[in-house]
Structures are given as C-alpha cells and as structure tokens.
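In what follows, a structure is listed as structure tokens, so that the remarks can point back to it.
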Amino acid sequence: MSFTVRAIEALSIVAAWSLVVIHMIRLARAGTLASWWTPALLPAGMLLADFASGIVHWAADTWGSVSMPLLGRRFLHPFRVHHTNPDDFLLRDPIDCNGDVAMLNLPILLAMFLATPGNVAVFLLAFAIAALPTNQVHQWAHRPDPPRLVRWLQRLGLLLNPSAHQRHHREPHTANYCIATGWCNRPLTAIRFFPALERIITCLTGLEPRADDEAFAQEART
Ligand SMILES: [Zn+2]
Ligand SMILES: [Zn+2]
C-alpha cells in the first residue's frame with residue numbers, strides 16, 4: 000500500500016473520531032443528550048449502522064467483479080479474499096483495517112454540522128459510533144484471543160459474536176452479512192431479506208448473484 004493511501008487512511012480515522020468527540024460536546028452543551036429520546040435513539044442509530052454494514056457487505060460479496068475499474072481492486076477484492084482466506088484479515092493493522100470505514104463516515108459526520116443539535120444529530124452520532132469500528136469488530140470476531148473486554152461484549156451480544164459470524168464463512172457465504180454489532184442478522188435471516196433483494200435485482204437486471212465470488216474462489220483453489 001502506498002504511503003499516500005496509508006496517510007489518508009490514518010488522517011480519516013483521526014478526523015472521524017475527533018468529529019465524534021466534537022459532536023458529543025456539542026450535543027451535551029445543547030442539553031440534547033439528556034433528552035427523554037436519547038435512550039431510544041442510541042440503540043436505533045446503532046441498529047441502522049449494523050443494517051448498513053450488512054447492506055455494504057452483501058453488495059460487495061454478491062455483485063460486481065474484481066476486474067471492475069477503481070471499485071474492483073480497491074473495494075471488492077478484499078471481500079473476495081476474505082472468503083477464500085479469512086486469516087489474511089488478521090494481518091491487517093488498525094490503520095489498514097479501519098481507514099476505509101472512517102473515510103465513508105466522514106461525510107455523515109461533517110453533514111451533522113448542518114443540523115441543529117437535536118434528536119437527528121443524536122441518532123446520527125450513535126450511527127457513527129457503531130459504524131466506525133465495524134471492521135475492527137469484524138477482525139475481533141476472527142481473533143482467537145481478542146481483548147478480555149471485547150470477549151465479554153461478544154458473549155453479551157453487544158459486539159459481533161464469533162460463532163454467529165462463522166456462519167457467514169460457510170459456503171456459499173450468504174448468511175449473517177451484518178458485522179458491526181450483528182444485531183440485525185437474526186431478523187434479516189428470519190424474513191429472508193437478502194434472498195428477496197437478490198431475486199428483485201436479478202429480475203430487474205438479469206445479473207446472477209455471486210458469479211464473480213464463485214469464479215474467484217475456484218481460481219484460488221486451482
Ligand atoms: Zn462476506
Ligand atoms: Zn469474516
């Protein structure tokens with residue numbers, strides 16, 4: 000990875016978490032964090048972050064090809080590799096692991112300055128707090144020895160549970176896409192959300208889900 004990309008990733012992480020702290024102070028000063036709605040808005044924002052992690056993961060696993068310009072190599076390739084060689088993910092350091100997600104969250108954190116420090120801002124802040132460590136939480140779910148506090152939160156179901164995530168790693172990799180907290184996995188599986196979405200997309204576009212993922216896995220085996 001080039002020095003420039005790494006510097007942008009490191010700066011994105013610092014900027015995103017700095018903005019989280021600034022928004023927290025802003026909301027606390029405005030008295031919004033003491034609102035009656037806050038205890039409901041915090042888990043709701045975190046739930047949406049988990050749902051968003053599932054949508055992004057599902058889209059990257061299911062559609063497009065690694066040979067696509069820009070997105071293919073930079074965005075889709077790590078998802079394909081993660082299925083054929085999950086342990087490769089453990090070699091990524093915190094900057095490499097968390098940079099892209101921080102970058103994706105920056106527009107949301109910046110847009111929050113346009114809103115008055117009210118309930119919407121609390122909801123978006125909860126979203127960002129759960130979304131920013133998505134890849135870190137995912138990596139912890141693969142570690143045989145995560146930090147003790149993390150293991151405790153995994154057992155409580157507050158962070159992605161390793162055994163629930165292992166279900167995603169069984170072929171054809173179509174279960175439990177959500178990787179921020181994992182809270183949405185069970186309800187989305189119960190209503191067969193992603194298969195229904197795939198049927199609609201295939202019907203509209205004629206594209207076959209996971210065509211590239213399967214070809215990539217076959218190539219990796221040979
Ligand atoms: Zn996957
Ligand atoms: Zn994984």
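Okay, so the sequence shown: first residue is 0 according to numbering that gives the first Met the number 0, each after it adds one.
Where is the CB? At the ideal position from N, CA and C, for every residue including glycine.
Boundaries (first-last residue) of the alpha helix (DSSP H) holding residue i
i	result
His22	Phe2 to Arg28
Leu103	Pro93 to Ala110
Ile199	Phe192 to Thr204
Ala114	Looking at the DSSP string, Ala114 is not in any alpha helix (DSSP H), and its letter there is neither H nor E.
Thr188	Asn184 to Ala189
Buried or exposed by the 16-neighbour rule on C-beta atoms within 10 Å, applied to residue i
i	result
Leu131	buried
Gln153	buried
Trp36	exposed
Asp212	buried
Phe2	exposed
Leu206	exposed
Val136	buried
Arg28	exposed
Phe50	buried
Val55	buried
His22	buried
Gly168	It is His, not Gly, that sits at residue 168 in the sequence shown. Exposed: under 16 other Cβ atoms inside 10 Å.
Glu8	buried
- request: Ignoring anything shorter than 4 residues or poking outside the region 55–86, list the alpha helix (DSSP H) runs there in chain order.
  value: 76–83
query: With contact counted as at least three CB pairs below 8 Å, one residue from each stretch, are the region 124–142 and the region 168–187 in contact?
result: yes
query: Would you say the region 100–112 touches the region 10–21, given that touching needs at least three Cβ pairs under 8 Å?
result: yes
message: Threshold first: 4 residues or longer. Then list the alpha helix (DSSP H) segments lying entirely within the region 122–178, N to C.
response: Qualifying alpha helix (DSSP H) stretches, in chain order: 133–141, 147–155 and 161–165.
query: Would the region 107–125 and the region 78–92 be scored as touching if the rule is three or more Cβ pairs under 8 Å?
result: no
field: Heavy atoms of ligand 1 versus C-beta positions, residues under 7 Å
entry: His56, Asp60, Phe78, His81, His82, His167, His172 and Tyr176
task: Flag this pair as touching only if the region 199–214 and the region 59–70 have three or more C-beta atom pairs under 8 Å; answer yes or no.
output: yes
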